[in-house]
Amino acid sequence: MKLGVNILPLALVGLVVTIIVAFLIYVLATSWFSNAPFGLADAPPQPIPFPHTVHAGSVEQGGAGIQCEFCHRNVTKGASATVPAVENCLFCHKQINAENDTGETTANVAQIQRVVDKYHDDNPINWERVHRLPDHARFVHEAHIRFLTQGESRIVTLPMGDEKPQQLPLSIGEACSVCHGNVAEMTEVQPQEGQSLKMGTCLDCHRQTNASTDCTICHK
Amino acid sequence: MKLTRRNFLAWAGLSAVGAVACDVFGEDRRELKVQSPVMQPEDLVKGTDNWYATLCRQCPTNEGIVVRVMEGRAKKIQGNPDYPVNLGKQAARCDAGLQALYHPDRLAGPMKRTGSKGSGEFTEITWDQGLDDLKTALGTHGDGLLIITEPVRAHSAMITDKFAKAFNGTHLGFEAFDQGVYRTAVKSVFGQDTLPDFDIGSSNYLLSFGADFLSTWISPTRWSIGYGAFRDSSNGGHRGTHVHIDPRFSMTASNADKWLPVAPGVEGHLALSIAHVIISEGLQADGVDIDALTSGRGVAALTDYSPERVGPMLNLHEGILNGHSGADLIKELAREFASHTPALAIGGDSSSAYSNGLFNAEAIYALNYLVGSVGNQVAFSPESPLSDLPSTANVGGLADWSENISNIENGKTRLVMVHNADPVYGLPESSGMSAALSRDSVFVVSFSSFIDDTTVMADLILPDRNYLEDWGSDIPEPGPGHQVIGIQQPVVNPLSELDPRSFGDVLLAIGQELGKESDLPWVSVKQALRETSDSLYDMNKGSVSGATKDLYWNSMLRNGGWWDSSSSPVSVQAPAGILNDIASRGSEAKFSGEGFHLIPFLHNTLLDGRNAHLPWAQSAPDPITSVAWQTWVEINEKQMENLGIREGDVVSVTSNAGRITAPAYPNPGMPPDIVGVPLGQGHKNGPDYATIGDSRDSSNIIDILSAVRVDGTRSIAWASNKVQVQPTGDSVRVTKLEGEYESREIGNIIDNNPGEEIIKTTSGEEGH
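If you're matching them up, the sequences are chains A and B in order.
When we follow my numbering, the leftmost residue of the first sequence carries the number 219, and every step to the right adds one.
When we follow my numbering, the leftmost residue of the second sequence carries the number 78, and every step to the right adds one.
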């Protein structure tokens, strides 16, 4: 049958096209509502590896236990959390470097020395941005930190991460991890599943906490 | 595939679409970089700032300012670049306004007196109680009330005037050194009710008498901008020549090409002598009708003022005369003045504060007719487009205060309301203001944000909002030669712990409750301002544009006001025979007391003491002596040697009216028979910064001025006192920036010679 001869390749082509279209729709839809799949939204490698596990990780697990706001100094004061100046790295790395044997591996010492060199050469570090909101959205870290870390004791289910009810007020570190995930356990910081920083998530959270959902609250 | 024309176009189109699509959907990787600066910037400020245009109220000039506001807090005050008076520049006094806003000693809310008058014992009350007390006072003894404010114009003046009138009372502005003499002289010489603007920038020659116009006189920021242009020869212009005539070595004198420290009180004679030379040598500008100015008498009208007669009166030091006679100097000055047109003569401050101050001022300003600068370098702004807005401040003189004090004493005035003025501090003790206000028969209401020498006498304190929290307006005087209405808008809300209320709003609310709606029809000052905006919108002219009345109002607030640069200055006709008239009124200055001539002067930042509670104003060093935080007595170095005193020795300054003490400061620029003392310190009551000094280094010179008036005016002759200066035996350290700072190398241990002196500057040498 003439029809039978032609239907198989057509069906195959159709199937392939359908799979491709479905895949594209999946990628687009996921990207639209949450983080892009397959690490497409991931930031490229940082110019100098910065293991948050070592710096912010708990002392029991071998970290230095440095609080978030020690380096991201503006997070409790203004809109941007800000990355620290190279000078701030030297607070510790003046001592922890190649000149002093602090038990670091050779590879680590080489990376630390790059930071020290940047400081002495008056050379800023250009980090790769991991979290970014679109230009038309305004986000003030200070207001959110204040909401999560101050006020009376109350239980709120925040639609982030594992969506477990949270006992407020939180510590500053816990407040950061509501949106950014547990950065202290990340060797390389990347966007976390279920913590997409998309408008839907903002709105869900604002609704659950009776915060304003007026457009101009977030949109410029 | 063959590359046909059609294929080529198709591929080209596809590539273009692809390129656009990639650009649209991709992100510029550079935007995704976050940079760690190498050093943590100390002044790193994150956040968004807003700049709001409003008006400064730190001095009577009311300059246009823009205020940087972050997160609801005012952070920095700068000049408004669009405001025609100060064109983006501002005085140091404007900067200090932030400290008035966030002063720790601001009164939080209404208070009522509990102790005896002047005891400073108050208890806090609510606004309802405070306003009820005010209403009761107005009801029982409001008739004939006296309202004393800072010099105000435009809406503040209109509302306060109407309020005072509604209660059959008086509203007077208060300034320690009022401009009454200057105003009277302007009226008689130019026939105008407003003060003139001077185009210093376009002048070639500037002759100034007494007026410290680069520091404190009238509109110093505006004059300084003009002075910059006057001195600037970079754009092919000519660098102007400036001669300053003043017994005291002021900041303006220090900037002049030539400073002539003439004997106090001869300024008018010198001016008419210059006129004598100009007329007798025919040096007047083209088209100047000498006959009209002298009633046809020509130089004969000025016979008494020939250089030969006036020269010796100047009493100039031989070093200045340099072998010539005083007459030669006057002739040379007159020829230079007349030949370097456009030329400008201005005078004020001490020259108009002797007993013959009015004659001096008239003679000085009349010189402008001879060089043809009236209407050009001396310009009068046109009247306000809205006739109900007062464009001059009604400021009282000594005579007005004496009248009002007797009204209080004889019971005609039983209610005094004071707003942003401190007459107890700013009038001589002999005026009796303090004694009058402390009478039980008078109910005193202060609207001050701070305790001061007048507020401490109050029965009721209803603290006003700071000007950065309040609505208002101003018609600058002098204006810039065209019509201007400046708008003051609140740029921040009061701090939560403060509960001040706008003085204007309180007057309107109280007036309406007491049935004066017809006089005071507005709900708030803001509403009155909005009505002005709507009227200007209907006139459809000036700098502001807006499609609707709302947009127009917004635009006016954004710009800091309304101005119409197309409106032209008023043309001035010389009164017939003006030189003849002035010459016939000539008189010599009379002085009370013996010893040194006392020339008090407004402090560069504290002015007449109104900013003494602001640490920035206190710590700004005086431009000549570099002294801060203190009163000082400037005396000629040689005279100090004769008196056996050194810098910092506390001297008593005794006039016919009283005695103060203050540390002596040797000033080689001071003529031997003059002492200069700044105003500003010596507050008895007030915030710590205003009262921190003791009687040795913080005194109020106004206290010892004789209550003598300038002949023919209502103003005090504040430069007509002579004083005895005597050491008290006490000594204090003069807080100053210049001189006698030793710089030593720190610990040169190796050759065991620590502290080897490397630089030492002492007074008399120049420190770097």
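Yeah, the Cβ is synthetic: ideal placement off N, Cα and C, and Gly gets one too.
Listed as beta-bridge partners of B:D596 by DSSP are no residues whatsoever. By the Cβ neighbour-count rule, B:N245 is exposed, with fewer than 16 other Cβ atoms within 10 Å of its own. Between B:Y304 and B:S296, the alpha-carbon positions lie close to 12 Å from each other. Non-local beta-carbon contacts of B:S450 in its own chain, meaning distances under 7 Å to residues more than five positions away in sequence, involve P419, A420 and L421 in chain order. Taking 8 Å as the upper bound for CB-CB distance, B:F436 and B:G663 are in contact here, some 6 Å apart. Close to B:M116, with beta-carbon spacing below 7 Å, are these residues of chain A in chain order: A303 and E305. Closest in alpha carbon position to B:K189, among B:I397, B:A241, B:L211 and B:Y742, is B:L211. Contact of A:E346 with chain B by beta-carbon distance below 8 Å involves L109, K110 and V111. Under the DSSP definition of a beta bridge, B:D551 partners with B:G563. Among the residues of chain B, those whose CB is under 8 Å from the CB of A:I343 are Q112 and S113, following chain order. For B:A352, the enclosing alpha helix (DSSP H) has its first and last residue at E344 to S357.
Between the beta-carbon of A:A261 and that of A:Q408 there is about 7 Å, and that keeps the pair under the 8 Å contact cut.
At a C-beta separation below 7 Å, A:Y337 has these neighbours in chain B: V115. Counting only residues of its own chain and dropping the five nearest sequence neighbours on each side, B:A498 has a CB closer than 8 Å to the CB of I225, T226, E227, G250, F251 and T531. Residue environment for B:Y742: buried (at least 16 other C-beta atoms within 10 angstroms of its C-beta). In the three-state reduction of the DSSP assignment, B:F580 falls in the helix class. Considered as a whole, the stretch 745 to 783 of chain B harbours 751 to 755 as its complete beta strand (DSSP E) runs of no fewer than 3 residues, in chain order. If only uninterrupted beta strand (DSSP E) runs of at least 3 residues are considered, those enclosed by the stretch 355 to 434 of chain B are 420 to 424. Counted as a single uninterrupted DSSP element, the stretch harbouring A:A355 is not any alpha helix (DSSP H), since DSSP gives it neither H nor E. Among the residues of the stretch 357 to 391 of chain A, none has a Cβ less than 7 Å away from any Cβ of chain B. When rounded, the separation of the alpha-carbon atoms in A:T405 and B:D126 is 37 Å. B:Q112 and B:S292 have their C-alpha atoms spaced approximately 46 Å apart. Taking a beta-carbon distance threshold of 8 Å, A:R350 counts as an interface residue toward chain B. Distances from the CA of B:D699 to each of B:A169, B:N139 and B:M147 were compared; the closest alpha carbon is that of B:A169. B:W639 sits in a strand when the DSSP states are folded into three classes. The criterion of a C-beta distance shorter than 8 Å is satisfied by B:P467 and B:A234.
Within a 10 Å sphere around the beta-carbon of B:I236 sit 16 or more other beta-carbons, which makes this residue buried. Going by beta carbons, B:P749 and B:K715 fall inside the 8 Å limit. With a threshold of 8 Å between beta carbons, A:D340 makes contact with chain B. Taking all protein chains in view, the Cβ of B:N399 is surrounded by fewer than 16 other Cβ atoms within 10 Å, so the residue is classified as exposed. Taking a C-beta distance under 8 Å as the contact criterion, B:V343 and B:P384 do not qualify as a contact pair. Rounded to whole angstroms, A:P263 and B:G637 show a C-alpha spacing of 51 Å. Assigned with DSSP and collapsed to three states, A:A240 falls in helix.
Between B:I778 and B:I751, the CB-CB gap reaches or exceeds 8 Å. Membership of A:R332 in any beta strand (DSSP E) is not indicated; the residue belongs instead to the alpha helix (DSSP H) covering T324 to H338. Taken through DSSP and simplified to helix, strand or coil, A:F309 comes out as helix.
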